[in-house]
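*Asks:*
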Amino acid sequence: MLTNHNKVVMLRTNQSLENSYNKTISVIESCKTENQLEGASRMVKNFKNLYGRVGYPRALSYNLDRKLDKTYFRVTRQHPLK
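Quick note: the sequence shown uses the numbering used here, first residue 877, plus one each step.
Structure, rendered in structure tokens:
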């Protein structure tokens with residue numbers, strides 16, 4: 877896996893993993909309300925549960941969490957509660 881300009885480029889990975897990751901990132905980026913962010917948060921949790929069983933690079937999990945936190949801050953102008 878290579879990081880290129882804040883995008884994760886996956887080499888030799890499962891196509892469905894890559895598609896799911898990209899879709900989850902798209903959903904997070906499109907959020908404009910807290911309700912939408914709650915849905916995106918559930919999507920991230922489902923991604924981790926599904927692909928955690930088969931194994932996936934931990935960097936993907938970190939990137940999803942980071943993107944979700946940044947979007948939460950952009951939408952609400954406050955840091956998320958952990």
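Heads up, the beta-carbon is just placed ideally off N, CA and C, and yes, glycines get one too. This structure is a prediction, so every number in the text was calculated from the model and none was measured.
Just to confirm the assignment: which complete beta strand (DSSP E) runs, minimum length 3, are found wholly within the stretch 899-941?
*Replies:* Qualifying beta strand (DSSP E) stretches: none in this window.
*Asks:* Is the Cβ-Cβ distance between Thr900 and Val930 less than 8 Å?
*Replies:* In the sequence shown, counting from the first residue as 1, residue 900 sits at position 24. In the sequence shown, counting from the first residue as 1, residue 930 sits at position 54. No.
*Asks:* Helix, strand or coil: how does DSSP classify Asn895 here?
*Replies:* Here residue 895 refers to the residue found at position 19 when the sequence shown is read from its first residue. If DSSP states are grouped into helix, strand and coil, Asn895 belongs with the helices.
*Asks:* Mind checking whether Leu893 and Tyr948 have CB atoms under 8 Å apart?
*Replies:* Position 17 of the sequence shown, counted from the start, is the residue given in the question as residue 893. Position 72 of the sequence shown, counted from the start, is the residue given in the question as residue 948. Not in contact: Leu893 and Tyr948 (Cβ atoms no closer than 8 Å).
*Asks:* Give me, in chain order, the residues of the same chain whose beta-carbon lies closer than 7 Å to that of Ser937; leave out the 5 immediate sequence neighbours on both sides.
*Replies:* Numbered from its first residue, the sequence shown carries residue 937 at position 61. Here the set comprises Lys924.
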